[in-house]
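Engineer: Sequential numbering from 65 applies to the sequence shown in the working numbering. We treat Cβ as the ideally placed atom computed from N, Cα and C, and that holds for glycine. All figures in this text were calculated on a predicted structure; none of them were measured in a lab. I have a structure I would like to understand better, so I am pasting it below and will then ask my questions one at a time.
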Amino acid sequence: MNFVAMDFETANPKRDSACSLALTVVRNSQVADEFYTLIKPEGDFFWRNVQIHGIHEKDVADAPKFPEVWGHIAPFFQRDRLVVAHNAPFDVGVLRQTLAHYGIQVPEYLSLDTVKTSKQFYPQLPNHKLDTLCRALDIELQHHHNALDDSLACANILLAEAAEFGTAPLKPFVRVQG
Numbered sequence: 065m066n067f068v069a070m071d072f073e074t075a076n077p078k079r080d081s082a083c084s085l086a087l088t089v090v091r092n093s094q095v096a097d098e099f100y101t102l103i104k105p106e107g108d109f110f111w112r113n114v115q116i117h118g119i120h121e122k123d124v125a126d127a128p129k130f131p132e133v134w135g136h137i138a139p140f141f142q143r144d145r146l147v148v149a150h151n152a153p154f155d156v157g158v159l160r161q162t163l164a165h166y167g168i169q170v171p172e173y174l175s176l177d178t179v180k181t182s183k184q185f186y187p188q189l190p191n192h193k194l195d196t197l198c199r200a201l202d203i204e205l206q207h208h209h210n211a212l213d214d215s216l217a218c219a220n221i222l223l224a225e226a227a228e229f230g231t232a233p234l235k236p237f238v239r240v241q242g
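Now the structure itself:
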């Protein structure tokens, strides 16, 4: 399998307030590369978001704004590329709203949500949160809500599902974004 697992953290409840991003690149069913960055959002930080991910306004004071980050990651978001996220509606929404905020055209790419796949493959679990799945599948999750750790866990969930069930049952879950 070849795909990129993506995870955003936001400064506040608005989807265009990305304050960190991680990508885990999988090639030939192996983690091949990782990318992590803090992002300086336009909006203010909300205490509840800070409580969840631990990123403060001072942490992003010297971080790049999203357009600079996009210049590095845009090649991963192409028509034939699969981008995976755990709770993809959130992460895809953050990407879409942040791009729109800066007037950047949303590219067309493929997406897959590991929350949806896990509900199909592991209906016996009490819930399908990232940490619950990691415990059930014996996947390491060091710091939940750290974008890099979460994107790596997401990648490993999809790899575990593909190893156990094959890739054919995953195809109905792929959606076109853009």
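#1: List the DSSP bridge partners of Gln94.
#2: Determine the DSSP secondary structure at Gln188, reduced to helix, strand or coil.
#3: Determine, using beta carbons only, whether Gln241 and Ser182 come nearer to each other than 9 Å.
#4: Do the stretch 186-195 and the stretch 113-130 meet, that is, are 3 or more Cβ pairs less than 8 Å apart?
#5: Does the stretch 124-136 come within contact of the stretch 99-115, defined as at least 3 CB pairs closer than 8 Å?
#6: Between Pro233 and Lys78, what straight-line distance do the alpha-carbon atoms span, to the nearest angstrom?
#7: Going by DSSP, which residues form a beta bridge with Tyr100?
#8: Check this for me: beta carbons of Thr74 and Ala219, under 9 Å apart or not?
#9: Output yes or no for whether 9 Å exceeds the beta carbon distance between Glu225 and Thr178.
#10: Whole angstroms is fine: what's the gap from Asp80's alpha carbon to Lys193's?
#11: Using C-beta distances below 7 Å, list every residue in its chain close to Val114, excluding the 5 sequence neighbours before and after it, in chain order.
#12: Could you compute how far the alpha carbon of Met70 sits from the alpha carbon of Lys235?
Structural biologist: The short version:
#1: Arg91
#2: coil
#3: no
#4: no
#5: yes
#6: 34 Å
#7: Ala86
#8: no
#9: yes
#10: 23 Å
#11: His120
#12: 18 Å
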